[in-house]
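Trainee:
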Amino acid sequence: MTLDAAEITRDLIRFDTINPPGNERPALEWIAALLAPAGFEIAWQPMGAGRANLIARLPATQAVRAPLVLSGHIDTVPLGNAPWSVAPHGAEVHDGRIWGRGASDMKSGVAACIAAALEMAARPDRAADLRLILSAGEETGCDGVLALARDADLLGACGAMIVAEPTDNRPLLGHKGALWLHLHHRGVTAHGSMPERGRNAIFPAMDSVAALRDLDFGVPAHPVMGPVTLNLGTLHAGLNINSVPDLATLGVDIRTTPELSNADACAAVIAAVGGAVGDGVEVETLTDMAAVFTPADDPWLARARAMAGDITGIDIDGGLEVAHYFTDASVLKAAFGHPPTLIMGPGPMALAHQTDEHVEIAAIHACTRAFAAIAAEYLS
1227 MTLDAAEITR DLIRFDTINP PGNERPALEW IAALLAPAGF EIAWQPMGAG
1277 RANLIARLPA TQAVRAPLVL SGHIDTVPLG NAPWSVAPHG AEVHDGRIWG
1327 RGASDMKSGV AACIAAALEM AARPDRAADL RLILSAGEET GCDGVLALAR
1377 DADLLGACGA MIVAEPTDNR PLLGHKGALW LHLHHRGVTA HGSMPERGRN
1427 AIFPAMDSVA ALRDLDFGVP AHPVMGPVTL NLGTLHAGLN INSVPDLATL
1477 GVDIRTTPEL SNADACAAVI AAVGGAVGDG VEVETLTDMA AVFTPADDPW
1527 LARARAMAGD ITGIDIDGGL EVAHYFTDAS VLKAAFGHPP TLIMGPGPMA
1577 LAHQTDEHVE IAAIHACTRA FAAIAAEYLS
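Position 377 of the sequence shown, counted from 1, bears residue number 1603 in our numbering, the numbering being contiguous throughout.
Here it is, written out as structure tokens:
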């Protein structure tokens, strides 16, 4: 069966999967109705009312290697406050582009996975399973794949993986990890006219800021990803100006590389803050996503990147690249035992989460051809 990936993209955009609340299951049931008649075995992992992960398996005719996994999420972020010039779920076509929420991130990538997978179903011989993992809840912290990783039987195996996030069709080697922390500093409240009767939580928070401003994690910069970074993104304290605040919470965003685990990054923050203000700071982990990286000389990844470059016209010799965001691969790669992983999709990176999000139809078709070629060689 051959279906046009651009039309699949339009159909998926017409499903409102804004997260929260998500409501991904109707879109995934529509996808399952495409895959099942082509020979895919469909499995579901419920995620609450109207929500689920879809795991579709195209069995090998004679398996000689572990499965190839194509992965993507079906939820999208909210529309934002800026007005759209098109209907956000209208999937309109203008100037060779499809417009709507999810066009870039990442319903076009999911559509390319589906269309390529359906092409593989027509092959008479397949030397490995082909599996599609289409998840819910990625935009709120990879909730879907975190649940999937806890079910080993449903998760299954993987020999190589493509995650079809928006990359402008550039074949990327991975992405940094993300560790988001809240540092809670406690004090004692008092009337603002008598601050000596309280203990102002802002002051130790400022000491933490000073300790973290130039924190050296003690690891070299990654040759492709660059250095580990730390950003202080939020500081919340006080309820009114005439009271001594008894709580000050500092929001910390650390982007890690393979040289520094998230656990070690957290330990470095705790040590730095502890040295500045003592052990009274409470550390709350909000997001803990590992860095993802496959060396460019991995045989499967090198071949996949070469095919992707040939088909899309992207110059892969201009330098090795990684994504700036994190993806479901942070969870899946570790859960699968670290198979080689390619991050690639037709969506423009700059338009993810943006008003008037759109994607070029030609890019969707090129990505589909690349995925089909990579899959065909893997299954041969």
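We put the beta carbon where it would ideally sit given N, CA and C, even for glycine. Keep in mind it's a predicted model, so treat the numbers as computed, not measured.
(1) Could you check the C-alpha separation between LEU1356 and ALA1474 for me, to the nearest Å?
(2) Using the Cβ count rule (16 or more neighbours within 10 Å means buried), how would you classify GLY1370?
(3) Once you ignore the five residues that flank PHE1443 on each side, which residues in its own chain have a CB closer than 6 Å to its CB?
(4) Should ASP1301 be labelled buried (16 or more other beta-carbon atoms within 10 Å of its own) or exposed?
(5) The beta strand (DSSP E) that contains PRO1272, what's its start and end?
(6) Which complete beta strand (DSSP E) runs does the segment 1558 to 1587 hold, if anything under 3 residues is left out?
(7) With distance defined between alpha-carbon atoms, name the residue in LEU1305, ALA1253 and LEU1409 nearest to SER1361.
(8) Taking the alpha-carbon positions, what's the PRO1471 to ASP1433 distance?
(9) If you reduce the DSSP assignment to three classes, tell me which class LEU1546 lands in.
(10) Out of curiosity, what's the CA-to-CA distance linking PRO1525 and ILE1428?
(11) What residue from VAL1499, HIS1448 and ASN1457 has the CA that sits closest to HIS1411's CA?
(12) Might you give, ordered along the chain, the residues of its own chain that have their beta carbon closer than 7 Å to the beta carbon of TYR1604, omitting 5 neighbours on each side?
(13) DSSP state of LEU1405, grouped into three classes?
(14) Here's the rule: buried if 16 or more other CB atoms are within 10 angstroms of the residue's CB, otherwise exposed. What is MET1420?
(15) For ALA1262 and ARG1481, I'd like the C-alpha separation in whole angstroms.
(16) Among GLY1573, THR1581, ALA1436 and LEU1465, which one has its Cα closest to the Cα of ALA1329?
(17) Taking 9 Å as the threshold (C-beta atoms), are GLY1363 and ARG1251 in contact?
(18) Express the C-alpha separation of ARG1240 and ALA1313 in angstroms, rounding to a whole number.
(19) For VAL1507, which of helix, strand or coil comes out of DSSP?
(20) Report the residue from PRO1246, ASP1379 and GLU1233 whose alpha carbon sits nearest the alpha carbon of PHE1562.
(21) Report back the beta-carbon spacing between MET1575 and PHE1552 to the nearest angstrom; my notes put them in contact at under 8 Å.
(22) Can you list, in chain order, the residues of its chain whose CB lies under 6 Å from that of ARG1531, leaving out five sequence neighbours each side?
(23) Tell me the rounded alpha-carbon separation between THR1520 and PRO1304.
(24) With H, G and I counted as helix, E and B as strand and the rest as coil, what does DSSP make of ALA1599?
(25) Identify the continuous beta strand (DSSP E) that holds MET1387 and give its terminal residues.
(26) Run the CB neighbour count on SER1606, radius 10 Å, all protein chains shown included, and call it buried at 16 or more, exposed below.
(27) When the distance is taken between beta carbons, is GLY1298 closer than 9 Å to THR1567?
(28) Are the Cβ atoms of GLU1345 and ALA1602 separated by less than 9 Å?
(29) Would ASP1237 pass as an interface residue toward chain B - the criterion being a Cβ-Cβ separation below 9 Å?
(30) Classify VAL1585 as buried or exposed, calling it buried when 16 or more other Cβ atoms lie within 10 Å of its own Cβ.
(31) With burial defined as no fewer than 16 other Cβ atoms inside 10 Å of the residue's Cβ, what is the status of GLY1459: buried or exposed?
(32) So, using beta-carbon positions, are LEU1374 and ASN1279 closer together than 9 Å?
(33) By a C-beta neighbour count over all protein chains shown, 10 Å radius and 16 as the cutoff for buried, is PRO1350 buried or exposed?
Mentor: Inspection of the coordinates gives the following:
(1) By one-based count along the sequence shown, residue 1356 stands at place 130. By one-based count along the sequence shown, residue 1474 stands at place 248. Distance between the alpha carbons of LEU1356 and ALA1474: 50 Å.
(2) For the purposes of this step, residue 1370 is identified with residue 144 of the sequence shown, where counting begins at 1. Buried is the call here.
(3) Counting from 1 along the sequence shown, the entry for residue 1443 is found at position 217. Excluding sequence neighbours, PHE1443 sits near VAL1454, LEU1486 and ALA1494.
(4) For the purposes of this step, residue 1301 is taken as residue 75 along the sequence shown, with counting starting at 1. Buried, since its Cβ has 16 or more Cβ neighbours within 10 Å.
(5) By one-based count along the sequence shown, residue 1272 stands at place 46. PRO1272 -> beta strand (DSSP E) spans 1267 to 1272.
(6) 1567 to 1569 and 1584 to 1586
(7) Indexing the sequence shown from 1 puts residue 1361 at position 135. Of the listed residues, the one whose Cα sits closest to SER1361 is ALA1253.
(8) Your numbering for residue 1471 matches position 245 in the sequence shown. Your numbering for residue 1433 matches position 207 in the sequence shown. Computed Cα separation, rounded: 16 Å.
(9) Taking the sequence shown and counting its residues from 1, one reaches residue 1546 at position 320. Here LEU1546 sits in coil by DSSP.
(10) Numbered from its first residue, the sequence shown carries residue 1525 at position 299. Numbered from its first residue, the sequence shown carries residue 1428 at position 202. Their backbone Cα atoms lie some 53 Å apart in a straight line.
(11) Along the sequence shown, read from residue 1 onward, the residue named residue 1411 stands at position 185. Per the Cα distances, VAL1499.
(12) Within the sequence shown, numbered from 1, the residue matching residue 1604 stands at position 378. Only LEU1294, ALA1354 and ALA1386 meet the Cβ criterion.
(13) Residue 1405 sits at position 179 when you count from the first residue of the sequence shown. Correct three-state label for LEU1405: strand.
(14) The residue you call residue 1420 lines up with position 194 of the sequence shown. By the neighbour-count rule (16 or more Cβ atoms within 10 Å), MET1420 is not buried but exposed.
(15) Walking along the sequence shown from the start, residue 1262 turns up at place 36. Walking along the sequence shown from the start, residue 1481 turns up at place 255. So the two alpha carbons sit approximately 40 Å from each other.
(16) By one-based count along the sequence shown, residue 1329 stands at place 103. Of the listed residues, the one whose Cα sits closest to ALA1329 is GLY1573.
(17) Here the question's residue 1251 lines up with position 25 in the sequence shown. Here the question's residue 1363 lines up with position 137 in the sequence shown. No; because the gap between Cβ atoms is not below 9 Å, this pair is not in contact.
(18) The residue given as residue 1313 occupies position 87 in the sequence shown. The residue given as residue 1240 occupies position 14 in the sequence shown. One C-alpha to the other measures close to 10 Å.
(19) By one-based count along the sequence shown, residue 1507 stands at place 281. Residue state, collapsed to three classes: coil.
(20) Along the sequence shown, one-based indexing puts residue 1562 at 336. If we check each option's Cα against that of PHE1562, ASP1379 comes out closest.
(21) Along the sequence shown, one-based indexing puts residue 1575 at 349. Along the sequence shown, one-based indexing puts residue 1552 at 326. About 13 Å separates the two Cβ atoms, so there is no contact after all.
(22) Against the sequence shown, residue 1531 aligns to sequence position 305. Within the same chain, ARG1531 has close Cβ partners PRO1397 and ILE1542.
(23) Start at 1 with the first residue of the sequence shown, and residue 1520 comes out as number 294. Start at 1 with the first residue of the sequence shown, and residue 1304 comes out as number 78. One C-alpha to the other measures close to 32 Å.
(24) Along the sequence shown, read from residue 1 onward, the residue named residue 1599 stands at position 373. Correct three-state label for ALA1599: helix.
(25) Position 161 of the sequence shown, counted from the first residue, corresponds to residue 1387. Counting along the chain, the beta strand (DSSP E) containing MET1387 begins and ends at 1386 to 1389.
(26) Residue mapping note: residue 1606 aligns to position 380 of the sequence shown, counting from 1. Burial call: exposed.
(27) Residue mapping note: residue 1567 aligns to position 341 of the sequence shown, counting from 1. Residue mapping note: residue 1298 aligns to position 72 of the sequence shown, counting from 1. In this structure, GLY1298 does not lie closer than 9 Å to THR1567 by Cβ.
(28) Locating residue 1345 in the sequence shown gives position 119, where the first residue counts as 1. Locating residue 1602 in the sequence shown gives position 376, where the first residue counts as 1. In contact: GLU1345 and ALA1602 (Cβ atoms closer than 9 Å).
(29) You won't find chain B in this structure, because it holds only one protein chain.
(30) The residue labelled residue 1585 in the question sits at position 359 within the sequence shown. Per the 10 Å Cβ criterion, buried.
(31) Working through the sequence shown from its first residue, we reach residue 1459 at position 233. When all chains shown are included, GLY1459 counts as exposed.
(32) The residue you call residue 1374 lines up with position 148 of the sequence shown. The residue you call residue 1279 lines up with position 53 of the sequence shown. Yes.
(33) Counting from one through the sequence shown, the residue named residue 1350 turns up at place 124. Counting Cβ neighbours within 10 Å, PRO1350 comes out exposed, since fewer than 16 surround it.
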